[in-house]
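Residue numbers (the working numbering): -13 to 269.
We treat Cβ as the ideally placed atom computed from N, Cα and C, and that holds for glycine.
Heads up, the thing below is written out as structure tokens.
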Ligand SMILES: [Fe+2]
């Protein structure tokens, strides 16, 4: 059976969430769901993700998996909310434990607040592990670099690549978060470029450069030919140099700290407050 893909665009964070399913009345996975979050007030809403829930109900789908491509730094995962409404197992790459450890230290999160090592996640994927939903099988490819825990979910010829690449006119993702690494990202992109040319690459963010229409689907062949950061003509050394220089000029994402506090807990909110570490060289 051919996998069906339904995309949803979360405008305030430029995030794409996906539902992949085998057929109406069949089985589904959700990939990279998002909560609505107002940083100024702390208000959390579910208007966006409720559209995904409605689609699943309207198509009589059974939700088997709630997947995260990585611990996002720019939006709050709705994984736990989705699970509370529809069931399913929340899963992510196994190196999430490294991200948890890093931010537990950065944010001074106590053992009482967290957890037993994989808090909130039902399953941590190994590289090349497969998973099934209905008549479909997915394959997990570890594609670290943007973050150490980044994975790609491959379902038939559909690759859900997280922030490993963006659309060809926007390039690639930053690698300067803890555990990120431009050289490792290069190798991960080469892993994706090793897939058949007609493999569909479903993008996790689109920032509509130049005001163009929203776009979130490219292919291995198109990205190889046209990606502005890493076409097949760019050397590894040039990519690493470019990425490191560019990353050194980027601001911290607006929602970094709230995002990681939720996302390392599989989308569960902290009890009442978010923490923001104070960073100062002079005081
Ligand atoms: Fe990301």
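Can you tell me whether residue 192 sits near ligand 1, meaning its C-beta is under 7 Å from at least one heavy atom of the ligand?
Sequence index remark: in the chain shown, residue 192 carries index 206 (1-based). No.
Quick check: what's the CA-CA separation for residue 222 versus residue 171?
Translated into positions along the chain shown, residue 222 becomes position 236. Translated into positions along the chain shown, residue 171 becomes position 185. Taking the straight line joining both Cα atoms gives about 10 Å.
Determine the closest residue to residue 34 out of 47, 9, -7, 56, with distance taken between C-alpha atoms.
In the chain shown, residue 34 corresponds to position 48, counting from 1. Of 47, 9, -7, 56, the residue nearest in Cα terms is -7.
Could you spell out the range, first to last residue, of the alpha helix (DSSP H) harbouring residue 86?
As a first step, residue 86 is located in the chain shown; it is residue number 100 there, counting from the start. 82 to 92 is the span of the alpha helix (DSSP H), which, as asked, contains residue 86.
Which ranges does the beta strand (DSSP E) cover as unbroken runs of at least 3 residues, wholly within the segment -5 to 68, from first to last along the chain?
With a minimum length of 3 residues, the continuous beta strand (DSSP E) runs that stay inside the segment -5 to 68 are 1 to 7, 13 to 17, 22 to 24, 29 to 31, 48 to 53.
Using DSSP bridges, identify the partner residues of residue -10.
Against the chain shown, residue -10 aligns to sequence position 4. Note: residue -10 sits in a beta bridge opposite 7.
Report yes if the C-beta distance between residue 145 and residue 188 is below 8 Å; otherwise report no.
As a position in the chain shown, residue 145 is number 159, starting the count at 1. As a position in the chain shown, residue 188 is number 202, starting the count at 1. Contact: yes.
Give the DSSP-derived three-state secondary structure of residue 236 in the structure shown.
Taking the chain shown and counting its residues from 1, the one referred to as residue 236 is at position 250. If DSSP states are grouped into helix, strand and coil, residue 236 belongs with coil.
Flag this pair as yes or no: are the beta carbons of residue 45 and residue 10 separated by less than 8 Å?
Taking the chain shown and counting its residues from 1, one reaches residue 45 at position 59. Taking the chain shown and counting its residues from 1, one reaches residue 10 at position 24. It is a contact, given that the beta carbons lie within the stated cut-off.
Using 8 Å as the Cβ pair cut-off and three pairs as the minimum, do the segment 132 to 148 and the segment 76 to 95 touch?
They touch, by the three-pair rule.
Taking only heavy atoms of ligand 1 into account, decide whether any of them is closer than 7 Å to the Cβ of residue 149.
As a position in the chain shown, residue 149 is number 163, starting the count at 1. Yes, the Cβ of residue 149 comes within 7 Å of a heavy atom of ligand 1.
With distances taken from CA atoms, which of 232, 180, 191 is nearest residue 208?
Here residue 208 refers to the residue found at position 222 of the chain shown. Of the candidates 232, 180, 191, the one whose C-alpha sits nearest the C-alpha of residue 208 is 180.
Bridge partners of residue 116, per DSSP?
Numbered from 1 along the chain shown, position 130 holds the residue referred to as residue 116. 125, per the DSSP bridge assignment.
Closer than 8 Å by C-beta to residue 254: which residues in its own chain qualify, once you throw out the five before and the five after it? Chain order, please.
Along the chain shown, read from residue 1 onward, the residue named residue 254 stands at position 268. Cβ within range, chain order: 66, 105, 106, 248.
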